[in-house]
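*Asks:* Here it is: the structure, laid out below.
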Amino acid sequence: MLISTYTSQTGLFIKPDDSLLVTTIYLSFTRISFELAGVTKLSSIPAILFFNMTTLSEPIVYYLKSTKLIPNSPKPLLLYKNAFVRDGQVDRTAVFDTFRANQWDVQWVVRYGQYQRSHYHSQTHEVMVVVSGPGRIRWGTADLSDDWKEHTYGKSYEDGGLDVEVNVGDLFVIPAGVAHKSYDPDATSAEFGCLTGAARGIEADNPRIAVAEVPLEGFCMMGAYPRGFSWTWDEGGDSADDFEAVWRIENPAADPVTGQNGGINKYWKNQHQGFKSSM
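For what it's worth, my numbering labels the leading residue of the sequence shown as 28, then goes sequentially.
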(Lines of atoms letter the chains of each structure in order from A and count residues from 1; the text may use other names and numbers.)
(Lines give C-alpha, C1' and ligand atoms only; values in the text may rest on other atoms or scores of the structure.)
Protein backbone atom coordinates (compact mmCIF):
# COMPACT_ATOMS: atom_id res chain seq x y z
CA MET A 1 0.00 0.00 0.00
CA LEU A 2 1.28 3.46 -0.89
CA ILE A 3 0.09 6.54 0.96
CA SER A 4 0.89 9.90 -0.60
CA THR A 5 0.23 13.40 0.67
CA TYR A 6 0.83 16.64 -1.19
CA THR A 7 0.78 19.98 0.59
CA SER A 8 0.45 22.78 -1.94
CA GLN A 9 1.25 25.53 0.56
CA THR A 10 4.74 24.22 1.22
CA GLY A 11 5.34 22.34 -2.01
CA LEU A 12 5.97 19.09 -0.12
CA PHE A 13 5.21 15.64 -1.44
CA ILE A 14 5.41 13.04 1.30
CA LYS A 15 5.46 9.37 0.40
CA PRO A 16 5.94 6.73 3.13
CA ASP A 17 5.95 3.21 1.65
CA ASP A 18 5.41 -0.23 3.12
CA SER A 19 7.93 -1.61 5.57
CA LEU A 20 10.84 -3.47 4.05
CA LEU A 21 12.61 -6.34 5.76
CA VAL A 22 16.31 -5.71 5.45
CA THR A 23 19.02 -8.13 6.37
CA THR A 24 22.12 -6.20 7.36
CA ILE A 25 25.45 -7.97 7.41
CA TYR A 26 28.58 -6.10 8.43
CA LEU A 27 31.73 -7.65 7.00
CA SER A 28 35.38 -6.91 7.54
CA PHE A 29 38.41 -8.56 5.97
CA THR A 30 40.75 -9.87 8.63
CA ARG A 31 43.32 -12.59 9.07
CA ILE A 32 41.73 -15.61 10.75
CA SER A 33 43.61 -18.57 12.21
CA PHE A 34 42.07 -21.97 11.59
CA GLU A 35 43.17 -25.58 11.87
CA LEU A 36 42.81 -27.90 8.91
CA ALA A 37 44.13 -31.48 8.83
CA GLY A 38 46.29 -30.71 11.83
CA VAL A 39 47.94 -27.70 10.17
CA THR A 40 47.34 -24.12 11.34
CA LYS A 41 47.01 -21.67 8.45
CA LEU A 42 46.32 -17.98 8.19
CA SER A 43 44.02 -16.79 5.44
CA SER A 44 42.51 -13.43 4.57
CA ILE A 45 38.83 -14.26 4.38
CA PRO A 46 35.66 -12.29 5.06
CA ALA A 47 34.72 -12.49 8.72
CA ILE A 48 31.24 -11.58 9.90
CA LEU A 49 31.78 -9.10 12.71
CA PHE A 50 28.18 -8.06 13.19
CA PHE A 51 24.93 -9.59 12.01
CA ASN A 52 21.60 -7.93 12.57
CA MET A 53 18.19 -8.85 11.19
CA THR A 54 16.03 -5.79 11.53
CA THR A 55 12.82 -4.40 10.12
CA LEU A 56 13.84 -1.15 8.46
CA SER A 57 10.94 0.85 7.07
CA GLU A 58 11.11 2.36 3.63
CA PRO A 59 12.23 5.97 3.98
CA ILE A 60 9.80 8.82 4.36
CA VAL A 61 10.19 10.91 1.22
CA TYR A 62 10.08 14.72 1.13
CA TYR A 63 10.16 16.75 -2.09
CA LEU A 64 11.29 20.33 -1.46
CA LYS A 65 10.79 22.90 -4.20
CA SER A 66 13.39 25.56 -4.87
CA THR A 67 12.90 29.02 -3.38
CA LYS A 68 14.20 32.38 -4.52
CA LEU A 69 17.46 31.78 -2.63
CA ILE A 70 17.76 28.01 -2.22
CA PRO A 71 18.07 25.45 -5.05
CA ASN A 72 16.80 22.49 -3.02
CA SER A 73 16.54 19.50 -5.37
CA PRO A 74 14.38 17.42 -7.70
CA LYS A 75 15.74 14.47 -5.74
CA PRO A 76 13.81 13.84 -2.52
CA LEU A 77 15.10 14.12 1.00
CA LEU A 78 14.97 10.63 2.54
CA LEU A 79 14.28 9.96 6.22
CA TYR A 80 14.94 6.52 7.70
CA LYS A 81 13.43 6.08 11.17
CA ASN A 82 15.10 4.09 13.96
CA ALA A 83 18.20 3.39 11.90
CA PHE A 84 20.95 1.43 13.68
CA VAL A 85 19.15 1.64 17.03
CA ARG A 86 19.95 -1.09 19.54
CA ASP A 87 18.68 -0.92 23.12
CA GLY A 88 17.61 2.68 22.64
CA GLN A 89 20.96 3.92 21.33
CA VAL A 90 22.52 4.25 17.90
CA ASP A 91 25.29 1.73 17.29
CA ARG A 92 27.85 4.23 16.04
CA THR A 93 30.35 1.54 15.04
CA ALA A 94 27.71 -0.11 12.87
CA VAL A 95 26.93 3.27 11.29
CA PHE A 96 30.61 3.89 10.57
CA ASP A 97 31.13 0.42 9.09
CA THR A 98 27.99 0.51 6.95
CA PHE A 99 28.69 3.96 5.55
CA ARG A 100 32.27 3.00 4.78
CA ALA A 101 31.23 -0.26 3.10
CA ASN A 102 28.88 1.76 0.89
CA GLN A 103 31.63 4.29 0.06
CA TRP A 104 30.40 7.10 2.29
CA ASP A 105 33.06 8.47 4.65
CA VAL A 106 32.21 9.80 8.12
CA GLN A 107 33.71 13.26 8.56
CA TRP A 108 32.23 14.59 11.77
CA VAL A 109 30.24 14.22 14.94
CA VAL A 110 28.64 17.54 15.92
CA ARG A 111 26.88 18.77 19.04
CA TYR A 112 24.32 21.44 18.13
CA GLY A 113 23.65 24.68 19.93
CA GLN A 114 20.68 27.01 20.12
CA TYR A 115 21.08 28.02 16.48
CA GLN A 116 22.80 27.29 13.18
CA ARG A 117 22.80 29.26 9.95
CA SER A 118 20.67 27.72 7.22
CA HIS A 119 23.01 26.28 4.61
CA TYR A 120 23.31 23.69 1.87
CA HIS A 121 26.01 21.85 -0.02
CA SER A 122 26.24 22.70 -3.70
CA GLN A 123 28.87 20.10 -4.64
CA THR A 124 27.95 16.98 -2.69
CA HIS A 125 25.16 14.94 -1.18
CA GLU A 126 25.20 14.20 2.56
CA VAL A 127 23.93 11.74 5.16
CA MET A 128 23.29 12.64 8.80
CA VAL A 129 22.09 10.40 11.63
CA VAL A 130 20.90 11.59 15.03
CA VAL A 131 23.03 9.87 17.70
CA SER A 132 21.76 11.91 20.66
CA GLY A 133 18.61 13.97 20.99
CA PRO A 134 16.06 15.34 20.67
CA GLY A 135 16.64 18.30 18.38
CA ARG A 136 15.12 20.25 15.52
CA ILE A 137 15.96 20.67 11.83
CA ARG A 138 14.45 23.20 9.43
CA TRP A 139 14.64 22.15 5.79
CA GLY A 140 14.39 24.00 2.51
CA THR A 141 14.56 27.73 3.26
CA ALA A 142 17.12 30.52 3.65
CA ASP A 143 17.63 32.76 6.66
CA LEU A 144 16.67 36.39 6.02
CA SER A 145 18.36 38.03 9.01
CA ASP A 146 21.73 38.08 10.74
CA ASP A 147 19.98 37.98 14.11
CA TRP A 148 20.12 34.31 15.13
CA LYS A 149 17.11 34.58 17.40
CA GLU A 150 15.04 36.05 14.58
CA HIS A 151 16.06 33.54 11.89
CA THR A 152 15.75 30.57 14.27
CA TYR A 153 12.84 31.34 16.58
CA GLY A 154 11.26 34.36 14.88
CA LYS A 155 9.97 34.85 11.34
CA SER A 156 13.13 35.90 9.49
CA TYR A 157 13.32 33.02 7.05
CA GLU A 158 11.72 32.13 3.72
CA ASP A 159 8.28 30.56 3.48
CA GLY A 160 7.83 27.00 2.26
CA GLY A 161 10.16 25.06 4.54
CA LEU A 162 9.72 22.02 6.70
CA ASP A 163 10.35 21.95 10.47
CA VAL A 164 11.04 18.49 11.90
CA GLU A 165 11.61 17.42 15.49
CA VAL A 166 14.20 14.65 15.39
CA ASN A 167 15.37 11.99 17.79
CA VAL A 168 17.82 9.12 18.12
CA GLY A 169 17.93 6.93 15.01
CA ASP A 170 16.53 9.48 12.56
CA LEU A 171 18.75 9.26 9.49
CA PHE A 172 18.54 11.72 6.60
CA VAL A 173 19.99 11.23 3.11
CA ILE A 174 20.23 14.77 1.76
CA PRO A 175 20.54 15.70 -1.92
CA ALA A 176 22.95 18.44 -2.91
CA GLY A 177 21.21 21.81 -2.71
CA VAL A 178 18.72 21.04 0.07
CA ALA A 179 18.97 23.68 2.81
CA HIS A 180 19.05 22.66 6.44
CA LYS A 181 19.69 24.18 9.85
CA SER A 182 19.99 22.01 12.95
CA TYR A 183 19.51 23.39 16.44
CA ASP A 184 18.64 22.55 20.03
CA PRO A 185 16.40 25.05 21.87
CA ASP A 186 17.52 23.52 25.18
CA ALA A 187 21.27 23.70 24.52
CA THR A 188 23.48 25.47 27.04
CA SER A 189 25.62 26.97 24.26
CA ALA A 190 24.39 29.19 21.45
CA GLU A 191 26.72 27.86 18.75
CA PHE A 192 27.30 24.32 17.52
CA GLY A 193 30.66 22.58 17.74
CA CYS A 194 32.41 19.64 16.10
CA LEU A 195 33.50 16.94 18.56
CA THR A 196 35.91 15.19 16.19
CA GLY A 197 38.11 17.93 14.75
CA ALA A 198 37.48 20.37 11.91
CA ALA A 199 34.64 18.38 10.29
CA ARG A 200 36.86 17.35 7.36
CA GLY A 201 37.45 13.84 8.63
CA ILE A 202 37.69 12.19 12.04
CA GLU A 203 40.92 13.45 13.60
CA ALA A 204 42.06 10.34 15.45
CA ASP A 205 44.48 7.45 15.02
CA ASN A 206 41.49 5.13 14.78
CA PRO A 207 38.42 7.01 13.47
CA ARG A 208 36.18 3.97 13.92
CA ILE A 209 36.88 3.81 17.64
CA ALA A 210 36.82 7.59 18.00
CA VAL A 211 33.27 8.01 16.69
CA ALA A 212 32.06 5.21 18.96
CA GLU A 213 33.65 6.65 22.09
CA VAL A 214 33.21 10.42 21.74
CA PRO A 215 31.04 11.63 24.67
CA LEU A 216 27.58 12.80 23.64
CA GLU A 217 25.38 15.41 25.26
CA GLY A 218 22.25 17.14 24.01
CA PHE A 219 21.51 17.05 20.27
CA CYS A 220 24.30 15.36 18.30
CA MET A 221 24.56 13.99 14.78
CA MET A 222 27.11 12.01 12.80
CA GLY A 223 27.68 13.03 9.18
CA ALA A 224 29.22 11.49 6.08
CA TYR A 225 29.70 12.24 2.38
CA PRO A 226 30.16 10.07 -0.71
CA ARG A 227 33.78 9.09 -1.24
CA GLY A 228 35.51 11.48 -3.61
CA PHE A 229 33.13 14.38 -2.88
CA SER A 230 34.05 17.46 -0.84
CA TRP A 231 31.56 19.68 0.99
CA THR A 232 31.25 23.45 0.81
CA TRP A 233 29.16 25.70 3.04
CA ASP A 234 26.66 27.59 0.89
CA GLU A 235 23.99 29.98 2.15
CA GLY A 236 20.91 31.51 0.53
CA GLY A 237 21.69 33.20 -2.77
CA ASP A 238 25.13 31.65 -3.32
CA SER A 239 23.92 29.55 -6.27
CA ALA A 240 21.08 31.80 -7.40
CA ASP A 241 22.51 32.16 -10.90
CA ASP A 242 22.79 28.43 -11.57
CA PHE A 243 20.51 26.09 -9.64
CA GLU A 244 20.82 23.64 -12.53
CA ALA A 245 24.50 23.03 -11.75
CA VAL A 246 23.58 21.93 -8.23
CA TRP A 247 20.81 19.67 -9.51
CA ARG A 248 23.27 17.94 -11.86
CA ILE A 249 25.55 16.66 -9.09
CA GLU A 250 25.92 12.96 -9.88
CA ASN A 251 24.37 10.28 -7.72
CA PRO A 252 26.70 8.28 -5.47
CA ALA A 253 27.41 4.67 -6.35
CA ALA A 254 25.38 3.36 -3.41
CA ASP A 255 22.88 4.40 -0.78
CA PRO A 256 24.70 4.90 2.55
CA VAL A 257 22.28 2.56 4.36
CA THR A 258 20.96 0.03 1.83
CA GLY A 259 23.88 -0.10 -0.57
CA GLN A 260 22.99 -1.10 -4.13
CA ASN A 261 19.32 -1.78 -3.36
CA GLY A 262 16.60 0.70 -2.47
CA GLY A 263 17.18 4.16 -1.06
CA ILE A 264 18.71 6.54 -3.57
CA ASN A 265 18.80 3.77 -6.18
CA LYS A 266 15.01 3.76 -6.04
CA TYR A 267 14.09 7.37 -5.28
CA TRP A 268 16.81 9.39 -7.02
CA LYS A 269 16.53 7.84 -10.48
CA ASN A 270 15.73 10.27 -13.34
CA GLN A 271 14.59 12.94 -10.88
CA HIS A 272 16.10 15.89 -12.72
CA GLN A 273 13.99 15.49 -15.85
CA GLY A 274 11.15 18.00 -15.95
CA PHE A 275 12.05 19.68 -12.66
CA LYS A 276 11.42 23.41 -12.62
CA SER A 277 12.22 26.13 -10.16
CA SER A 278 9.29 27.47 -8.13
CA MET A 279 10.55 31.04 -8.52
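Every residue gets a Cβ at the ideal spot worked out from N, C-alpha and C, and that includes glycine. Because the structure is a prediction, the values reported are computed rather than measured.
1. Aspartate 282: which of Asn109, Tyr90, Val112 and Thr125 sits nearest, CA to CA?
2. Within its chain, find whatever has a CB closer than 6 Å to the CB of leucine 96; leave out the 5 residues flanking it on each side and keep chain order.
3. Which residue from Ser266, Tyr252 and Pro234 puts its Cα closest to that of arginine 119?
4. Scan the stretch 261 to 299 and note each continuous alpha helix (DSSP H) run of 4 residues or more that stays entirely inside, going in chain order.
5. Mind reading off the beta-carbon distance from histidine 148 to alanine 203? Whole number of angstroms is fine, and I expect it under 8 Å.
6. Quick check: what's the CA-CA separation for glycine 290 versus glutamate 271?
7. Return helix, strand or coil for glutamate 218, following the three-state DSSP convention.
8. Compare the beta carbon distance of leucine 310 and glutamate 185 with 8 Å and say whether it is the shorter of the two.
9. Ignore the nearest five residues each way along the sequence and tell me which others in tryptophan 175's own chain have a CB closer than 6 Å to its CB.
10. Let me check one thing: in DSSP terms, what residues is lysine 208 bridge-paired to?
11. Considering only the beta carbon of each residue, do valine 154 and tryptophan 131 sit closer than 8 Å?
12. Taking the C-alpha atoms as reference points, what is the distance between valine 117 and threonine 285?
13. Let me confirm a value: valine 122 is counted as buried when at least 16 other C-beta atoms fall within 10 Å, else exposed. Which label applies?
14. Per DSSP, which residues does glutamine 116 bridge with? Please list them.
15. Check this for me: beta carbons of asparagine 221 and valine 137, under 8 Å apart or not?
16. From alanine 217 to valine 273, what distance separates their C-alpha atoms?
17. So, is glycine 162 buried or exposed, given that buried needs 16 or more other C-beta atoms within 10 angstroms?
18. For alanine 128 and glutamine 287, what's the separation of their Cα atoms in angstroms?
19. Starting from valine 195, follow the alpha helix (DSSP H) in both directions and report where the run begins and ends.
20. Is the Cβ-Cβ distance between tyrosine 210 and tyrosine 139 less than 8 Å?
*Replies:* Considering the structure as presented:
1. Numbered from its first residue, the sequence shown carries residue 282 at position 255. Residue Thr125 is the option with its Cα nearest to aspartate 282.
2. Here residue 96 refers to the residue found at position 69 when the sequence shown is read from its first residue. Beyond the five residues adjoining it in sequence on each side, leucine 96 comes within less than 6 Å, by CB distance, of Ala169, Gly263 and Gly264 in the same chain, given in chain order.
3. Your numbering for residue 119 matches position 92 in the sequence shown. When only C-alpha atoms are compared, the closest one is Pro234.
4. 270 to 274 and 291 to 294
5. Your numbering for residue 148 matches position 121 in the sequence shown. Your numbering for residue 203 matches position 176 in the sequence shown. Right, the Cβ-Cβ distance comes to about 6 Å (below 8 Å), so this counts as a contact.
6. Here residue 290 is taken as the residue at index 263 of the sequence shown, counted from 1. Here residue 271 is taken as the residue at index 244 of the sequence shown, counted from 1. Each residue's Cα considered, the two are about 23 Å apart.
7. Here residue 218 is taken as the residue at index 191 of the sequence shown, counted from 1. Glutamate 218: coil per DSSP, three-state reduction.
8. Not covered by the structure: residue 310. The range shown for the chain is 28 to 306.
9. Here residue 175 corresponds to residue number 148 of the sequence shown, with the count starting at 1. Once the five neighbours on either side are set aside, the close Cβ partners of tryptophan 175 are Tyr142.
10. Translated into the one-based positions of the sequence shown, residue 208 becomes position 181. Its beta-bridge partners are Arg165.
11. Taking the first residue of the sequence shown as position 1, residue 154 is located at position 127. Taking the first residue of the sequence shown as position 1, residue 131 is located at position 104. The answer is yes: Cβ separation under 8 Å.
12. The residue you call residue 117 lines up with position 90 of the sequence shown. The residue you call residue 285 lines up with position 258 of the sequence shown. Roughly 17 Å between the two C-alpha positions.
13. Residue mapping note: residue 122 aligns to position 95 of the sequence shown, counting from 1. By the 10 Å Cβ count, valine 122 comes out buried.
14. By one-based count along the sequence shown, residue 116 stands at place 89. BP columns for glutamine 116 point to Arg113.
15. Walking along the sequence shown from the start, residue 221 turns up at place 194. Walking along the sequence shown from the start, residue 137 turns up at place 110. What sits at residue 221 in the sequence shown is cysteine, not asparagine. Yes.
16. Position 190 of the sequence shown holds residue 217. Position 246 of the sequence shown holds residue 273. One C-alpha to the other measures close to 31 Å.
17. One-based indexing of the sequence shown puts residue 162 at position 135. With 16 or more other Cβ atoms within 10 Å, it is buried.
18. By 1-based counting over the sequence shown, the position of residue 128 is 101. By 1-based counting over the sequence shown, the position of residue 287 is 260. Distance between the alpha carbons of alanine 128 and glutamine 287 is about 11 Å.
19. Here the question's residue 195 lines up with position 168 in the sequence shown. Careful: valine 195 lies outside any alpha helix (DSSP H) and carries neither H nor E.
20. The sequence position of residue 210 within the sequence shown is 183, counting from 1. The sequence position of residue 139 within the sequence shown is 112, counting from 1. Yes, these two residues count as a Cβ contact at 8 Å.
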